[in-house]
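In structure tokens:
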């Protein structure tokens with residue numbers, strides 16, 4: 330859905346702008362890791378094969394499964410745990426990975442005002458979330474979570 334974000338726990342994921350937010354603040358995630366997260370949140374509760382995740386994130390480049398495992402590990406560190414203590418991303422041996430949290434898709438109202446956490450509390454229409462505008466893109470950092478091809 331265009332102009333919508335996906336909300337899970339304290340996170341908001343804007344697919345169109347390729348940005349993850351935590352309580353209204355942008356969170357740095359590498360492009361490949363973000364592609365893995367987008368694939369998982371697109372179908373929450375569904376086990377997605379390692380092959381599909383690799384094909385989605387690395388777009389045909391030859392990589393070992395270790396690149397995917399590293400991406401999952403880094404995403405788990407970024408996301409933390411669910412309120413029940415379980416991971417946001419579950420491993421299903423020999424089958425793939427599953428996004429365990431419920432994902433709620435909400436339309437974006439205005440990308441220039443308050444962050445998702447504040448907007449959710451103040452909104453009269455609880456189905457809408459407002460994201461802050463990004464003055465500049467989040468810079469790429471070589472020291473965080475990137476997998477080499």
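Residue numbers (our numbering): 330 to 478. Think of the CB as a built atom: it goes at the ideal place given N, C-alpha and C, for glycine as much as any other residue. Model, not experiment: these values are computed from the prediction.
Worksheet item: CB-CB under 8 angstroms to residue 426, same chain, minus the five flanking residues each way: which ones, in chain order?
Response: The residue labelled residue 426 in the question sits at position 97 within the chain shown. Taken in chain order, the residues that qualify are 369, 376, 377, 379, 382, 401, 418, 419, 420.
Worksheet entry | Residue span of the beta strand (DSSP E) that contains residue 405, given as start and end | Numbered from its first residue, the chain shown carries residue 405 at position 76. Taken as a continuous stretch (DSSP letters only), residue 405 belongs to no beta strand (DSSP E), being part of the alpha helix (DSSP H) at 394 to 408.
Worksheet item: Exposed or buried, what is residue 451 when buried is set at 16 or more other beta-carbons lying within 10 Å of its beta-carbon?
Response: In the chain shown, the residue the question calls residue 451 occupies position 122. With a pLDDT of 41 at residue 451, under the threshold of 50, the modelled position of this residue cannot be trusted; read the value that follows with caution. Exposed: under 16 other Cβ atoms inside 10 Å.
Fill in: From 437, 433, 429, residue whose alpha carbon lies closest to that of residue 374
By one-based count along the chain shown, residue 374 stands at place 45. Ranking the options by Cα distance to residue 374, first place goes to 429.
Worksheet item: So residue 350 is in the beta strand (DSSP E); what residue range does that whole segment cover?
Response: As a position in the chain shown, residue 350 is number 21, starting the count at 1. 348 to 351 is the span of the beta strand (DSSP E), which, as asked, contains residue 350.
Worksheet item: Is any heavy atom of the ligand MG found at a distance shorter than 7 angstroms from the C-beta of residue 414?
Response: In the structure shown, the ligand MG is absent, as is every other ligand, since no ligand is present at all.
Worksheet item: Which of helix, strand or coil does DSSP assign to residue 385?
Response: Within the chain shown, residue 385 is the residue found at index 56, counting from 1. It is helical.
Worksheet item: If we ignore side chains and look at the alpha-carbon of each, how far apart do residue 350 and residue 340 end up?
Response: For the purposes of this step, residue 350 is taken as residue 21 along the chain shown, with counting starting at 1. For the purposes of this step, residue 340 is taken as residue 11 along the chain shown, with counting starting at 1. Each residue's alpha carbon lies about 5 angstroms from the other.
Practice prompt. Thinking residue 386 and residue 365 are a contact (beta carbons under 8 angstroms), I'd like their distance in whole angstroms, please.
Written response: Residue 386 sits at position 57 when you count from the first residue of the chain shown. Residue 365 sits at position 36 when you count from the first residue of the chain shown. About 5 angstroms separates the two Cβ atoms, so the contact holds.
Discussion item. Here's a check: name, in chain order, each residue in its chain whose Cβ is nearer than 7 angstroms to the Cβ of residue 415, leaving out the five neighbours to either side.
Written reply: The residue you call residue 415 lines up with position 86 of the chain shown. Within the same chain, residue 415 has close Cβ partners 429.
Practice prompt. Under 8 angstroms by Cβ, that's how I've got residue 432 and residue 335 pegged, so tell me the actual separation to the nearest angstrom.
Written response: Here the question's residue 432 lines up with position 103 in the chain shown. Here the question's residue 335 lines up with position 6 in the chain shown. Yes, residue 432 and residue 335 are in contact; Cβ-Cβ is about 5 angstroms, under 8 angstroms.
Worksheet item: Whose C-beta lies closer than 7 angstroms to the C-beta of residue 347 among residues of the same chain, with five residues either side of it excluded?
Response: Along the chain shown, read from residue 1 onward, the residue named residue 347 stands at position 18. Answer for residue 347: 363, listed in chain order.
Practice prompt. Look at residue 353 and residue 411 and say whether their C-beta atoms are less than 8 angstroms apart.
Written response: As a position in the chain shown, residue 353 is number 24, starting the count at 1. As a position in the chain shown, residue 411 is number 82, starting the count at 1. Contact: no.
Worksheet item: Secondary structure at residue 420, three-state DSSP: helix, strand or coil?
Response: Residue mapping note: residue 420 aligns to position 91 of the chain shown, counting from 1. The answer is strand: DSSP assigns residue 420 an E or B state.
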